[in-house]
Structure formats: structure tokens, C-alpha cells
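Worksheet: one structure, shown below.
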Amino acid sequence: MNFFLFAAETNLLQTDITLHHYLLLGAILFVCGIVCMATKRNAIGVLMGVELVLNGATVNFVSFAHFNPTFDIEGQIFALFVIVMAAAEAAIALAIVLNFYNNHFTVDVDAAEELKG
Amino acid sequence: MTLHAALFYILATVTAISAIGVAVTSNIVRAATWLLFALASTAGIYFLLGADFLGATQLIVYVGGTMILVVFGVMLTASGPFVNMKVGAAEWAISLAVGLLLYSVLAIVLLQIEPPSRNIPPNHTLLPSKHIGAALLGSSSSTPEAKVTGLRGGQFIPRTRVSYLLPFEIISVHLLVVLIGAAYLARAKRRREDVA
Amino acid sequence: MDFFLGTYYPVFMYLVVVIGFAIAAPLTAHLIAPRKVTPVKQMPYESGMDPIGDARMKFDVKFYLIAILFLVFDVELLFLYPWAATNQTTGSLIPSAFKDVVFWEIQAFLLTVVVAYIYAWRKGVFKWR
């Protein structure tokens, strides 16, 4: 309920596009990624959730770089690093998933329980 | 409504719907397609924010590279005609509730952020890739000389000029490790033949 | 620095034309084309041959290795672009005394990838077997 009060107070639809619009978009990406990570049983589905979360973070970096010119370079370079790290992370994570698949014939994350005590 | 605002709403709607699609769909191939659209429209958001280089990076590395890897991962592990990951109704209800709760918390926090004091026109563009290159190569004079703003009560802190030479070289080493590690992992002894 | 959406008008027009064509072409075909369904036309088409196997077959892992190689060099290339942009003659941000240092920085950046390349080569990643 509180959120709607805030939305009404700041009158998001009436004003020009502000920092808040972009941050809310980043939050949508973040939350979708979290839900995706939590609900998917498929390891690749979990990886897609991670990609969404990283994208939400990048949207935040770039929007802060845009709306606060002090951090112009910082926002862009951090976003660049996030994108590159996401690429590297996807390559390694998928290699691990492939190994897992070769050993278990499934990508269900619940099947990975050998280390359970 | 200005053109800028209209473009933002179009791109934001596409991004949000695609992101929700990734989370909601139970077919892994459809999730990959939704993710593709989410990433591509995020690139549009970067262009709209005036970050040309980042938008191009997003399209080249994310949409053109990482998504290829993810799709290959889907194809390499397709065990049946339909890789399905159905989730029970109770789990759906819980995740929906948790998601909405998390989003409302985030939204409440975000809306309390004071926007920077200076008035930024919507068509303000970020520094071009020339400056990014100079900062990556260790020239700290590329970053704007300014004060840290956006603090509560209109405070100012003089900012330190920094450069990013060390992260730049670390990226290179990181890529080396990724190439070696991924090649090693993907070529590791396949136990499939022994078992089957 | 100002940003003009006008810079992107050609891109917008291109996008509108492409999306419009992608929608209009199947739609017009669906609307005005005469339809005579025969069993031969309903067959799955695979380069004029009789289709072999299932479309959802498992891929070989060597395609994945090629994809990783592509991604690594893609990222590598991405970082070379800002360096190239700093080298433009007018309004260069790198002081001229600094140019040699920058050159060796880039050499160090490339050298680590060459090491990875040689490792992958010696390990037979490029062999298609």
C-alpha cells in the first residue's frame, strides 16, 4: 500500500523522466531475476535469473551516471565491468552445468546433493 | 508527453514484460527468448540514457555473446523434447508474494532517494568512449573535476580523480582464466560413455 | 554535452521498416495467398532432403567451446575500441609523454590473451574432432 502512496506523492506519470523511473525499472529487473533464481529448478534457468539481476544493477549504474554527472565515468566503467564479468560468469557457469549434466544426465539443481551430510 | 518520455515508456514496458516473462515461463527455450528481448531493450535504455558505448557493448557482448552461450547450454542439455520446469501453485503463490514484497521494499527505498541537485536535461549524454578509454588506460584527467553531490542537505565532498588501469589489466587476466577454465571444464572426461 | 535523438532517427526508421516488414510480409501472405493444402506441402522441409532425426537433438560440446572462444575474443575486442578512440589526433586525452606507457599497457593486455590462445591451441581446443 505504501508504495502506491509514494507513487501518488511523486506523481511519476506526470513529471518528466527522472532518476526514479530508471531505478524502478532496475528494481523490476532485479526482482524478476531473484524470483527466477528462486523458482527455476533448471540450472540454466537459475543462470538466466542471475543475468537479469546483473542487468538491473547495470541499469542503476548507468542511470546514476546520467543523472549525476560527477559519476559519469564511474557509472559507465562499472557497468562495463559488470557486463564483462557477466559474460565470463556465464561461460564458466555453463561449463560447470555441462559437467554436471554429463555426470547426472539432468540439469535439475535439486539433484546436486552429494555434498549433503 | 515528450518523445524521450514516450520512448522510455515503450522500452521500459518491453523490458519489464520480457523480464517477467523470463521468471514466469516454464519452458526453458521460451525463457531464453524472453531474456533475449529483455537484454536488447535494456540496450535501448542505455542508448536513451546517452551511453552509446554501453548500449553497443550490451548488444555485442550480452545479446551477441552471452545469450549464444546460454542458448548453446540449453541445446547441449536438452534431455527430452520439452524441457519443462513446472512449479506448483503453492510455490508460485509464495514466490509471487515474496517478489511483490521485495519490489515494494525496493520501490519505497528508491523513491526516497533525493535526485541530484543539478537539473539534468533528459537529452544529456554521457562522456564518449574516448574518455572511457583514457580512464581505462590510467589517465585520471579524463574524469570530470567536480564535487560529489546528491547527498542529503546539499552537502558537497570534493571527489578524488581515479583511473582504472589495474581493473583493465585484471580483466585481461580474468579472460585468460575464463578461457582456460571453461575449455578445461567443457573438455573434462565425459563419464557418459562409461555409464550408458 | 548534448544528446540528440535525431542522431538515432535513421536507426528508428530502420527498426520501424524492419519490424513492419516482419509483420506485414507473413500477414499479407496469410491474407491474400491462395491455400491448397497437400500432404507433400505439410512435410517438414530440410534443404530438399528427407528430414533425418529429431529437430531437438543434443548438440556436441565442441560448438560450446567455439562459443566460449568467440565470447572471450569478443570482450577482448570490446576493450580495444576505447583505446582506439583515445588515439584520435584531435583532442586526444592522453598526454604525448604518456603514449609509450599506454602502448605497453595494451601490449600487456594483449599478451595475457595470447597466452590463453596458445594454451588453448596446445590443448587441442581448435581441433575439430
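Sequence order for the protein chains is A, B and C.
Quick note: the first sequence uses our numbering, first residue 1, plus one each step.
Quick note: the second sequence uses our numbering, first residue 118, plus one each step.
Quick note: the third sequence uses our numbering, first residue 314, plus one each step.
Note that CB positions come from ideal geometry on N, CA and C, so glycine has one too.
Only counting the same chain, and skipping five residues up and downstream in sequence, which positions put a Cβ closer than 8 Å to that of Val204/B? Ser143 and Ser212
7 Å Cβ cutoff, Val414/C in contact with chain A: no
Who are the neighbours of Pro339/C on chain B, taking C-beta pairs under 9 Å? Result: empty, since nearest Cβ-Cβ is about 18 Å, beyond 9 Å.
Asn42/A - DSSP class collapsed to helix/strand/coil: Reduced to three states, the DSSP call for Asn42/A is strand.
Give a yes or no on whether 7 Å exceeds the smallest Cβ distance from Gly216/B to chain A. Yes - at least one Cβ of chain A is within 7 Å of the one on Gly216/B.
Can you grab the Cα-Cα spacing for the pair Lys436/C / Leu293/B, in whole Å? 14 Å
Met48/A - DSSP class collapsed to helix/strand/coil: helix
Would a check of beta-carbon distances place Glu359/C closer than 7 Å to chain B? Taking Cβ atoms only, chain B never reaches closer than 7 Å to Glu359/C, which makes this a no.
For Leu156/B, the first and last residue of its enclosing alpha helix (DSSP H): Ile145 to Leu165
Check whether the Cβ atoms of Pro395/C and Ser246/B lie closer than 7 Å to each other. yes
Does the contact criterion of 3 or more C-beta pairs under 8 Å hold for the region 210-229 of chain B versus the region 413-427 of chain C? no
Interface residues of chain C facing Val84/A [CB-CB closer than 9 Å]: Val388, Leu391 and Phe392
Coarse secondary structure for Glu231/B, derived from DSSP in three states: coil
Leu124/B, enclosing alpha helix (DSSP H) - first and last residue: Leu120 to Val141
Contacts around Val388/C, its chain only, beta-carbon distance under 7 Å, and the 5 residues preceding and following it disregarded: Correct list: empty, nothing qualifies.
Can you pull the DSSP bridge partners for Met37/A? Partner(s): none; Met37/A has no beta bridge.
Would you mind giving the Cβ-Cβ distance between Leu193/B and Val374/C, rounded to the nearest angstrom? I have them listed as a contact below 8 Å. 6 Å
Give me the chain A residues within the contact set of Val374/C, using Cβ-Cβ distance strictly less than 9 Å, ordered along the chain. Leu98 and Asn102
Does the structure place the region 338-351 of chain C close enough to the region 140-160 of chain B that three or more beta carbon pairs sit under 8 Å? Contact between the region 140-160 of chain B and the region 338-351 of chain C is absent: fewer than 3 CB-CB pairs across the two stretches fall below 8 Å.
Check whether the Cβ atoms of Phe189/B and Ala397/C lie closer than 7 Å to each other. no
Mind checking whether Ile163/B and Leu176/B have CB atoms under 7 Å apart? The question names Ile, but residue 163/B is Tyr in the sequence shown. No.
Residues in its own chain within less than 8 Å of Val82/A by CB, not counting five upstream and five downstream? Leu54, Ala57, Thr58 and Phe61
Just list the residues that DSSP pairs Met362/C with in beta bridges. Glu359/C
Cβ-based burial, Gln355/C [other Cβ within 10 Å; buried from 16]: exposed
Beta-carbon separation of Pro232/B and Thr18/A under 7 Å? yes
Please report the distance separating the alpha-carbon of Gly333/C from that of Phe67/A. 34 Å
Less than 7 Å between CB atoms is the rule here; does Pro198/B satisfy it with respect to chain A? With a pLDDT of only 49 at Pro198/B, under the threshold of 50, the placement of this residue in the model should not be trusted; the figure read from the coordinates follows. With 7 Å as the cut-off, Pro198/B does not count as an interface residue toward chain A.
Reduced DSSP secondary structure (H/G/I, E/B, other) of Asp108/A: strand
Find the residues of chain A that neighbour Ile137/B, judging by a C-beta separation of less than 7 Å, and give them in chain order. Cys32
Nearest-angstrom Cα distance between Ile431/C and Ser221/B? 51 Å
Straight-line gap, Leu243/B to Tyr321/C (C-alpha atoms, nearest Å): Their backbone Cα atoms lie some 16 Å apart in a straight line.
How should Leu83/B be labelled, buried or exposed, when 16 other C-beta atoms within 10 angstroms of its C-beta is the threshold for buried? Residue 83/B lies beyond the range of chain B shown here (118 to 313); nothing can be said about it.
Have a look at Leu384/C, Met362/C, Tyr358/C and Gln401/C and flag the residue whose alpha-carbon is nearest the alpha-carbon of Thr174/B. Of all alpha-carbon atoms in Leu384/C, Met362/C, Tyr358/C and Gln401/C, the one lying nearest the alpha-carbon of Thr174/B is that of Leu384/C.
Val324/C burial status per 10 Å Cβ neighbour count (16 or more: buried): exposed
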